[in-house]
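Here my numbering is used: the first residue of the sequence shown is 31, the next is one more, and so on.
For reference, the structure discussed in these notes is given below.
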Amino acid sequence: MSTITFPVQKRLALYHIGLIILLSCLNYLNALSGPFLWDDRPLILENAFLRTPQPLYTAFTTDYWSFASTRKTSGYYRPLLLLSYRLDTFFWGFRPFGFHLTNLLLHTLNAVLVYWLACHLLPSARSAWLAALFFAAHPIHTESVSWISGRTDLIVTLFLLAAFLSFLSLQRGQGRGKGLFLSLLLFCFALALLAKENALVFPLLLLGYRWFFPSQEKRYTLGYAVGGSVTLIILYLGLRFALVGSPVLAASNVPFTIRLLTAPKLFVIYLKLLLLPVGLHIQRDILLTPLSHLFTLEALLYLLLTLLVLLAACVLRKRFPLAVFAFFWIGVTLLPVLNLLPLRQVLAERFLYLPSVGFSLLLAFLLFYPLEKGLVKPAVALGCALLILG
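See below:
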């Protein structure tokens with residue numbers, strides 16, 4: 031077996047899922063009364079794709095911002111996001127309640143998928159349940175869930191989780207089941223790509239999973255999954271370049287070397303926000319000062335912290351593969367937002383929505399591992415620390 035699995039009784043699973051849904055809904059219930067904010071106005075209220083009769087296929091052939099009132103070219107390709115807005119207007123018109131409700135439902139569904147994923151990876155039903163509860167209630171999700179235009183992170187996470195779960199099922203599939211799960215994996219991954227560009231890291235997650243959980247059986251399933259995913263990426267990039275031109279890169283006068291030096295700082299800041307989500311702010315660019323050269327105390331400190339974390343992960347890989355894979359998930363899904371390729375917004379809390387899946391798994395493992403080893407006091411201490419930090 032390549033994962034630590036356990037039987038989850040149907041009644042217990044339904045009980046867990048019910049409480050996950052309840053917590054998710056209660057946590058963001060006040061968002062349902064929120065208005066349209068910031069980019070919601072040009073992208074939704076003044077969007078020609080929503081206001082005037084437009085063929086649905088035009089969402090797949092144009093820049094994401096081309097229908098907005100500003101008519102600017104952004105380089106974003108988000109057809110699935112446009113179609114979700116179109117569906118909202120069909121049911122709700124332009125009442126913000128309906129758009130916020132869709133965001134809440136997407137987040138709740140993601141929390142349920144995190145529970146499903148955790149049931150495959152974590153060593154007990156309670157730890158899987160706790161991971162999903164962490165994800166459902168984490169304050170870092172406020173921007174993604176409460177801001178309607180932040181929905182893109184909800185959608186890409188939904189389909190990447192579905193694709194990864196399909197991969198886990200593919201490994202255990204027999205006969206025709208393998209073809210079904212492979213088709214489902216590729217379908218979900220294609221939808222994730224049509225939601226947001228950071229889905230491109232998906233093959234790395236598959237390779238990382240097999241590295242942390244090596245198996246002598248059915249190695250070819252990894253080849254099918256990764257090969258099919260890479261083929262989809264090539265098709266996606268070709269389609270994207272043909273339809274909207276250059277990728278999402280901001281004009282930057284900051285040299286690559288400085289962006290590279292600043293990446294460890296960004297990485298540490300993101301880890302800090304996951305662990306201690308206080309002082310949340312929707313516009314964080316002005317709070318980030320690029321590091322001009324390596325030989326400064328700040329640059330060396332952030333680089334040292336990053337290297338220590340990576341070294342610890344390598345040392346602990348064989349002893350604690352679950353924990354290290356969860357951390358690997360955080361690191362890989364942060365790669366697209368570390369500003370190695372210049373971004374329009376260098377630092378944003380919504381970028382942590384997908385990485386928080388790995389963080390939730392890691393936190394649940396760290397809490398339950400001492401309990402399973404009979405180390406009650408460390409587990410209680412960690413639990414109290416989490417309550418205080420929360």
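Cβ atoms here follow ideal geometry from the backbone N, Cα and C, with glycine treated the same way.
Taking the alpha carbon of residue i as the point to measure from, which residue in the options has its own alpha carbon closest?
i	options	result
W146	Y250, L195, L131	L195
I312	T251, N369, L67, P109	L67
Y332	I299, G257, P351, N228	I299
F355	S213, L56, P244, L110	P244
P307	D183, H168, F217, R108	H168
S213	R374, G180, Y250, Y254	Y254
G180	T88, A61, G105, P351	A61
P366	L234, A342, A166, L262	L234
N369	T292, T336, K302	T292
Y251	D183, L216, T119	Before going on, a small fix: residue 251 reads as Thr here, not Tyr. T251 has its Cα closest to that of L216, out of D183, L216, T119.
V274	A343, P109, S63	P109
V376	L364, A272, Y87	L364
S114	F286, S386, T182, V339	T182
F242	P72, L352, S54	L352
L86	F120, G105, P72	F120
R347	L301, R240, C55, G268	R240
Within a Cβ cutoff of 6 Å, which residues of the same chain sit near residue i, ignoring the five residues on either side of it in sequence?
i	result
Y266	L223
F358	G238
R270	Y107
F297	T336
Y58	L134, V175
A343	V354, F357
Q39	none
W122	G128
Measuring straight from C-alpha to C-alpha, what distance separates residue i and residue j?
i	j	result
L42	S199	21 Å
L310	A378	10 Å
F79	R116	8 Å
F211	A220	14 Å
L396	F90	43 Å
A148	L391	7 Å
L134	E173	12 Å
A83	F97	One detail in the question is off: residue 83 reads as Pro in this sequence, not Ala. So the alpha carbons of these two residues sit roughly 12 Å apart.
Q201	L139	24 Å
D118	W95	18 Å
H171	R380	7 Å
K208	R289	43 Å
L393	L44	23 Å
L112	P285	34 Å
L136	F165	13 Å
E92	G64	For the record, residue 92 in the displayed sequence is Thr; it is not Glu. In a straight line, the C-alpha of T92 is about 29 Å away from that of G64.
V256	V362	16 Å
S32	T261	Unreliable placement is indicated for S32, whose pLDDT of 40 sits below 50; the coordinate value is still reported in the next sentence. Straight-line Cα distance between these residues: approximately 25 Å.
E76	F124	10 Å
T88	L188	23 Å
H150	V387	14 Å
L373	G105	11 Å
V144	K302	22 Å
L334	V345	16 Å
L341	R81	53 Å
T287	A272	30 Å
Using a Cβ-Cβ cutoff of less than 8 Å, which residues in the same chain neighbour residue i once the five nearest sequence positions on both sides are dropped?
i	result
F398	L152, P153, S154, R156, S157, L160, A409
V142	I47, I50, I51, A162
V186	A222, A225, K226, N228, A229, L384
I178	F66, L67, D70, I74, P126, F129, H130, N133
F232	L190, A193, F194, F219, A222, S259
L184	N133, L136, H137, N140, S174, V175, Y383
I263	L223, L230, P233
Cutting at 7 Å between CB atoms, please list the residues of its own chain near residue i, excluding the five before and the five after it.
i	result
F389	L304, I360
F350	none
F197	L215, L236, A255
V339	none
I316	Reliability fails at I316, whose pLDDT of 46 lies under 50, so the model's placement of it is uncertain and the value that follows must be treated cautiously. Closer than 7 Å at Cβ, skipping near neighbours: no residue.
L53	L163, A166, A167
C55	L134, T138
G454	Summary: the structure shown does not reach residue 454, with the chain confined to residues 31 through 420, and so no result is reported for it.
Taking only beta-carbon positions, decide if residue i is within less than 8 Å of chain C.
i	result
L364	Reference to chain C is not applicable here, since this structure consists of a single protein chain.
Uninterrupted alpha helix (DSSP H) stretches inside the region 137–185 (no shorter than 4 residues): 155–167, 172–176
Whole runs of the alpha helix (DSSP H) within the region 57–133, excluding any shorter than 4 residues: 78–81, 109–122
Runs of alpha helix (DSSP H) lying entirely within the region 190–249, each at least 4 residues, in chain order: 206–223, 232–242
Start-end ranges of the beta strand (DSSP E) lying completely within the region 331–377, minimum 3 residues: none
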